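Let me begin by presenting the structure, written as structure tokens, before commenting on it.
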Amino acid sequence: MFRNQDTDKNIEIWKIKKLIKALEAARGNGTSMISLIMPPRDQVARVTKMLGDEFGTASNIKSRVNRQSVLGAITSAQQRLKLYNKVPPNGLVLYTGTIMTDDGKEKKVTIDFEPFKAINASLYLCDNKFHTEALNELLESDDKFGFIVMDGNGTLFGTLSGNTREVLHKFTVDLPKKHGRGGQSALRFARLRMEKRHNYVRKTAELATQMYINPATSQPNVSGLILAGSADFKTELSQSDMFDPRLQVKILNVVDVSYGGENGFNQAIELSAEILSNVKFIQEKNLIGKYFEEISQDTGKYVFGVEDTLKTLEMGAVETLIVWENLDINRYVLKNSATAEIVIKHLNKDQEADQSNFRDSETSAELEVQEKTSLLEWFANEYRKFGCTLEFVTNKSQEGSQFCRGFGGIGGILRYQLDIRQFDELSDGELYLHFAELTALTELVLGLAWLVLCSPAGVSAPPVRWQELACLIPGIVCLSQFCRRSRARLWIFCLLWCACRAHKRKEQLHFESRIKSTTVDGDLCKI
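Put into structure tokens, the structure is as follows:
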């Protein structure tokens, strides 16, 4: 459940990134592009009235073309706002106006949506571009991290989310110090001191469970945990059996600070800045590292490439689908104009420029484009149907760059071992042995055996007629195709090696027999 929530959030972030990229690339003539952002608890009536006032102001623009474009954009915004009775809980974002396409034509666009999290900005601008600064703020990490600052004077529990830190709870403790007094009671004093330290660690562990475990879901409510302190208490807490195992796996770092309390909290944040900024980075490295581990161990629980990944996806065998967030492949639904057959192809930019991909390979009939969508967008909308989780990765890490360059930016971790080669089709260019091919190969082997093995030793083979040689041609062609497969190459190599060894052995036996015959003839001549 929680993994699905993280996946949904990652998909929403990817959609926002894609939208920002498209909006930033859009340009228009004049000031005909409106950027409108309404925060939560704003009033639709107020914005509608403001647009009415802007409509009156825009009527005074001297340029007729610019005036019509601005008035058209304001009218589009007013019409779209009529669809909302109130501002959605997370606010409302609206972009509308006339943009210039790549071929120099004008195109009217209107985009409105509710952000995946609350947006606190209020914006209205008319310009020759769309303003996306507020959307970029949505992409900033809002993960909440827990801090436990523990020393000999007390413990502080806090959280850090974005640029906001919060102190949840703190308490003080009076622990006895080490001393050399006591005489015969020194052991008893030491035992009492260790008992109070133990109780202190136990209380801290219990409060940590209350602070960082959601009672409704019994799951941690923080993305990571930082333990800080000026003594060995933090290490003792992290290694203690009293510390909740659900929180132990969330520990990102253990840092030494010079202070306790809020000063130690601030210092712990500074010392953990690099780790906190790379949490997503680390998660990505771990995910791709797990994928590479499956490949290195040859477990068979991995897949890469567009076609193979889609095959295993349709089988329901993919557990985690890993895709590069900038994968530039489109999904085409094509219809054969002659047979009305539906064909699905996945093409990149270079393949789209090749018109042969839009014709039937057998009949050369034209394939009509019924639908064209980005493969990434199709994954984002359809991945739930295949029972897998979708993970977007970047090429900023070494592992991510290797995944994008070496595996095409798409792959998956499978639920069970699967040999995808068993499901390859002839259309993929892989040749399998059918009955006719097996017959041709058999004729070739028999012909070679007749030429090499069956001829008498030391006697040249009889002249081969052209008809007999022609009978070997299908087998030679089949052999050349068959040898493209690695196992077939090994099989053919073994066959030829055995034939050569047998022929060499026959030549050796013939040579020995000739020597023996010559010796016998010489003895007979002497007699």
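Per our numbering, the very first residue in the sequence shown carries number 691; after that it's consecutive.
Glycine included, C-beta positions come from ideal geometry on N, C-alpha and C.
Given the structure is predicted, the values throughout are model-derived calculations rather than measurements.
Judged by DSSP secondary structure, D1109 falls outside any alpha helix (DSSP H); it is assigned neither H nor E. Boundaries of the beta strand (DSSP E) harbouring L915: 914-919, taken from the DSSP string. In the three-state DSSP reduction, S759 falls in the helix class (H, G or I). Between the segment 723-735 and the segment 772-781 there are three or more inter-stretch CB-CB distances shorter than 8 Å, so the stretches are counted as touching. With a cut-off of 8 Å on Cβ pairs, the segment 1030-1041 is not in contact with the segment 1079-1089, counting fewer than three such pairs.
Annotated three-state conformation of Q1060 is strand, per DSSP. Shown here for A921: same chain residues with a beta carbon closer than 7 Å to its own, the five before and five after excluded, namely D841, G842 in chain order. Between T907 and T845, the gap from beta carbon to beta carbon reaches 9 Å or more. Taking a contact to require three or more Cβ pairs closer than 8 Å, the segment 768-779 and the segment 816-834 do not qualify as touching. Counting only the Cα atoms, Y992 lies some 9 Å from I1110. In the DSSP assignment, H1036 forms a beta bridge with R1021. K1001: member of the alpha helix (DSSP H) spanning 996-1005, first to last residue. Taken atom to atom, the span from the alpha-carbon of L726 to that of D743 is near 15 Å.
Setting aside the 5 residues that flank it on each side, E827 is surrounded in the same chain by I809, A811, each with a C-beta closer than 8 Å to its C-beta; the list follows chain order. Cβ contact annotation for L977 (same chain, cutoff 8 Å, sequence separation greater than five): T1010, I1012, E1081, V1083, in chain order. With respect to the 9 Å criterion, L961 and V945 are classified as neighbours on the basis of their beta carbons. Residue range 1088-1097 is occupied by the alpha helix (DSSP H) that includes F1093, with no beta strand (DSSP E) assigned at that position. Straight across, the Cα-Cα distance linking V939 with F745 is about 57 Å. Between the C-alpha atoms of F1069 and I703 there is a straight-line separation of about 14 Å. The Cβ-Cβ distance between Y814 and M740 falls below 9 Å. Restricting attention to T1029, E1067, Y949, the CA atom closest to the CA of D1050 is found in T1029.
Looking at G951, F879, I941, the one whose alpha-carbon comes closest to that of F847 is G951. In the three-state scheme derived from DSSP, where H, G and I count as helix and E and B as strand, M932 is classed as coil.
Per DSSP, reduced to three states, the secondary structure at Q733 is coil, with no helix or strand assignment.
Distance from the CA atom of V777 to the CA atom of L709, rounded to whole angstroms, is 21 Å. Residue pairing for F837: DSSP places it in a beta bridge opposite G848, I916. The segment 1089-1101 and the segment 705-724 do not touch, with fewer than 3 CB-CB distances between them shorter than 8 Å. Leaving aside the five residues that flank G836 on each side, the residues in its chain whose CB is nearer than 6 Å to its CB run, in chain order, T849, Y902, V912, L915.
Rounded to whole angstroms, the gap between the alpha carbons of T788 and I724 is 9 Å.
When DSSP states are grouped into helix, strand and coil, T989 belongs to the coil group. The beta-carbon distance between L1057 and R1021, rounded to whole angstroms, is 14 Å. This is too long to meet the 8 Å contact definition. Membership of N943 in the beta strand (DSSP E) is indicated by the continuous run 941-946. Residue A767 holds the alpha-carbon nearest to the alpha-carbon of T738 among G718, V1059, A767.
In this structure, the alpha-carbon of G1099 lies about 9 Å from that of N1085. The three-state secondary structure of N1026, taken from DSSP, is strand.
When secondary structure is reduced to three states using DSSP, H821 falls in the coil class, being assigned neither helix nor strand.
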